[in-house]
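Student: Have a look at this one.
If you want it as structure tokens, here you go:
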């Protein structure tokens, strides 16, 4: 494995092997060991064209715990605001010697472009490209689900997962649907009709416009952030109306199965898609998701960088 | 392929090593066993049960050393094995490391580094089932099941019933 651009790039077995590695890393780092020497001398560049708290900090922590050198790049305050292109920015990083580039970009396909253009020889990790994919988020969500529903299981057959909210703008939803399906889970996406993407039938998952219909049947309820910054038209009348139909409030929380967990990729709009009480309830695993994120990203960096230098898939121009 | 240790010989070697550990440490107080996965873990568990019957119960754990290897960049990434600390830790203890075959010594170097991350043992000792020579580092074993002079071209294959269904040590390849 040279790059991680999409969940489509990895098999179910490879995904499980990443989750196994993350689980062993949790063992290894739970005691006094905070830092492993594995990636000493390697350089990881966090190339962030879009704002991020969790993902950037998480990749930063993951790389540092494996002793890699980390360079953080944020588009704000860089030459990007002077009009420098992705190509020139990437080649500058290449010239400085990057072994892996973790990229977040507002345009769908930016990571793939970087990986296949031949501009750089580094491993590319997609940390969110537009409304397309966010594969490490799906992996950390799967890791969290596995911890709660059987830490050694090699598939999710028999698990019912609801993904609720702003599906159309969500790269988290796309990556999660791909991975959960790959692992055999029974997935339903739930949203108002305006927030369900066109052609949802081709996703191969059930969809519903009614959150209240089958709420008792789910093992995992994954709430998505309403991405107001990507909404340039009216997708729902107002916040209160959205909340009433699709927000996870105390009443709905009370209807969930006894063992069901509530997930949210963050950042949360408290009071909009999830009530404060639900977000802070014992069923909420939001903070677990954050700590698991570091382990899963360590596992991904290990898989991509620990082995021999791999020849770039594209020839360097 | 030639058989160098059969099941009975392996059992006798492990019993002798157990007695040597007791003798060397004047008992088993503050001695803990750490096996290096995969087969070193089974050896540590076996020695722990032998010591429980001849002396007193003793704690054991497993130490995965993959992340500390110096040949990571030479091979594709390998899956990690489980690390389990002995219940009372290793701080101030006499740690006996277990591996199946002592060869270049690089695994043991990695194990010493990994152990150093976990705490500061009073002492570290090394027990191996087979010492086949060809060291690349200044490392030696304190307890050896059997010294087997080998050619560098040969492969020493240790099979243990827990994972391979039988107990034996065989040599393959090379001219003997």
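Chains as they are written, first to last, in my numbering: chain U, 948 to 1264; chain R, 1133 to 1308. Don't be surprised by glycine CBs; every beta carbon is placed ideally from N, CA and C.
Is the segment 1140–1147 of chain R in contact with the segment 1194–1213 of chain R, if contact means three or more CB pairs nearer than 8 Å?
Tutor: Touching, no, given that fewer than three Cβ pairs across the two stretches are closer than 8 Å.
Student: Can you list the beta strand (DSSP E) stretches of 3 or more residues lying completely in the segment 1058–1122 of chain U, in chain order?
Tutor: Fully enclosed beta strand (DSSP E) runs of 3 or longer: 1070–1076, 1107–1111.
Student: Rounded to whole angstroms, what's the CA-CA distance from residue 1179 of chain R to residue 1150 of chain R? Just pull it up for me.
Tutor: If you take the alpha carbons of residue 1179 of chain R and residue 1150 of chain R, they lie about 6 Å apart.
Student: Write down the C-beta distance between residue 1111 of chain U and residue 1193 of chain U rounded to the nearest angstrom, noting that I regard them as a contact closer than 8 Å.
Tutor: Rounded, the Cβ-Cβ distance is 6 Å, consistent with contact.
Student: Check the C-beta distance from residue 1087 of chain U over to residue 955 of chain U and give it rounded, since I have them as a contact under 8 Å.
Tutor: Their Cβ separation, rounded to whole angstroms, is 18 Å, which puts residue 1087 of chain U and residue 955 of chain U out of contact at 8 Å.
Student: In terms of residues, what are the limits of the beta strand (DSSP E) holding residue 1255 of chain R?
Tutor: Where residue 1255 of chain R is concerned, the enclosing beta strand (DSSP E) stretches over 1255–1263.
Student: Mind checking residue 1159 of chain U: buried by the 16 CB within 10 Å criterion, or exposed?
Tutor: So residue 1159 of chain U counts as exposed.
Student: Assuming residue 1269 of chain U and residue 1170 of chain U are in contact, meaning their beta carbons sit under 8 Å apart, how far apart are those beta carbons, in whole angstroms?
Tutor: There is no way to answer for residue 1269 of chain U, as the model of chain U reaches only from 948 to 1264.
Student: How about residue 1214 of chain R: is its C-beta nearer than 8 Å to some C-beta of chain U?
Tutor: Taking Cβ atoms only, chain U reaches closer than 8 Å to residue 1214 of chain R, which makes this a yes.
Student: So does the segment 1031–1042 of chain U actually touch the segment 998–1015 of chain U, counting three or more Cβ pairs closer than 8 Å?
Tutor: Verdict: no, contact absent.
Student: Where residue 1022 of chain U and residue 1276 of chain R are concerned, what is the direct C-alpha to C-alpha distance, given to the nearest angstrom?
Tutor: Each residue's alpha carbon lies about 59 Å from the other.
Student: So, are the CB atoms of residue 1229 of chain R and residue 1258 of chain R less than 8 Å apart?
Tutor: Yes.
Student: Looking only at its own chain, which residues have a Cβ that is under 6 Å from the Cβ of residue 994 of chain U, when we skip the five neighbours before and after it?
Tutor: For residue 994 of chain U, where only same-chain residues beyond five positions count, the Cβ hits under 6 Å are 1020, 1048, 1050.
Student: With 8 Å as the threshold, decide whether the Cβ of residue 1207 of chain R is near any Cβ in chain U.
Tutor: It does: the Cβ of residue 1207 of chain R has a partner Cβ on chain U nearer than 8 Å.
Student: Along chain R, in chain order, which residues have C-beta atoms closer than 8 Å to that of residue 1254 of chain U?
Tutor: Chain R residues near residue 1254 of chain U: 1204, 1205, 1207, 1208, 1209.
Student: Going along chain R in order, which residues have a C-beta closer than 8 Å to the C-beta of residue 964 of chain U?
Tutor: Residues of chain R passing the Cβ test: 1211.
Student: From the beta carbon of residue 1199 of chain R, is the nearest beta carbon of chain U less than 8 Å away?
Tutor: For residue 1199 of chain R, the answer is yes, since a Cβ of chain U falls inside 8 Å of its Cβ.
Student: Could you check if residue 1269 of chain R is buried or exposed, using at least 16 other CB atoms within 10 Å of its CB as the buried criterion?
Tutor: Exposed is the call here.
Student: How would you label residue 1199 of chain R, buried or exposed, when you count the other beta carbons within 10 angstroms and need 16 or more for buried?
Tutor: Burial call: buried.
Student: Can you tell me which of R:1253, R:1266, R:1152, R:1250 puts its alpha carbon nearest to the alpha carbon of residue 1238 of chain R?
Tutor: The shortest Cα separation from residue 1238 of chain R among R:1253, R:1266, R:1152, R:1250 belongs to R:1266.
Student: The alpha helix (DSSP H) that contains residue 1019 of chain U, what's its start and end?
Tutor: From DSSP, residue 1019 of chain U is part of no alpha helix (DSSP H) but of the beta strand (DSSP E) over 1016–1021.
Student: Ends of the alpha helix (DSSP H) at residue 1010 of chain U?
Tutor: It spans 1001–1012 - the alpha helix (DSSP H) in which residue 1010 of chain U sits, taken as one unbroken run.
Student: Any idea what DSSP makes of residue 1044 of chain U, helix, strand or coil?
Tutor: Correct three-state label for residue 1044 of chain U: coil.
Student: By the criterion of Cβ-Cβ separation under 9 Å, what are the contact partners of residue 1196 of chain R in chain U?
Tutor: Result: 971, 974, 975.
Student: Leaving out five residues on either side along the sequence, give the residues of the same chain with a beta carbon under 6 Å from the beta carbon of residue 1090 of chain U.
Tutor: Closer than 6 Å at the Cβ level, and outside the excluded window around residue 1090 of chain U, lie 966, 969, 1239, 1243.
Student: Using a C-beta to C-beta distance shorter than 7 Å, which residues of chain R count as neighbours of residue 990 of chain U?
Tutor: Those within 7 Å of residue 990 of chain U in chain R number zero; the least Cβ separation is about 14 Å.
Student: Using CA coordinates, which residue listed in U:1127, U:1248, U:1045, U:1161 is at the minimum distance from residue 1204 of chain U?
Tutor: It is U:1161.
Student: Residues of chain R with a CB under 8 Å from the CB of residue 967 of chain U: which are they?
Tutor: Chain R residues near residue 967 of chain U: 1211, 1212.
Student: Whose C-beta lies closer than 7 Å to the C-beta of residue 1128 of chain U among residues of the same chain, with five residues either side of it excluded?
Tutor: Cβ within range, chain order: 1134, 1151, 1152.
Student: Tell me whether residue 1035 of chain U is buried or exposed, calling it buried when 16 or more other Cβ atoms sit within 10 Å of its Cβ.
Tutor: Label assigned to residue 1035 of chain U: exposed.
Student: Considering only DSSP beta bridges, list what residue 995 of chain U is partnered with.
Tutor: In DSSP, residue 995 of chain U forms a bridge with U:1021, U:1051.
Student: With 8 Å as the threshold, decide whether the Cβ of residue 1098 of chain U is near any Cβ in chain R.
Tutor: By this cut-off, residue 1098 of chain U is not an interface position.
Student: Taking 8 Å as the threshold (C-beta atoms), are residue 1165 of chain U and residue 1108 of chain U in contact?
Tutor: Yes.
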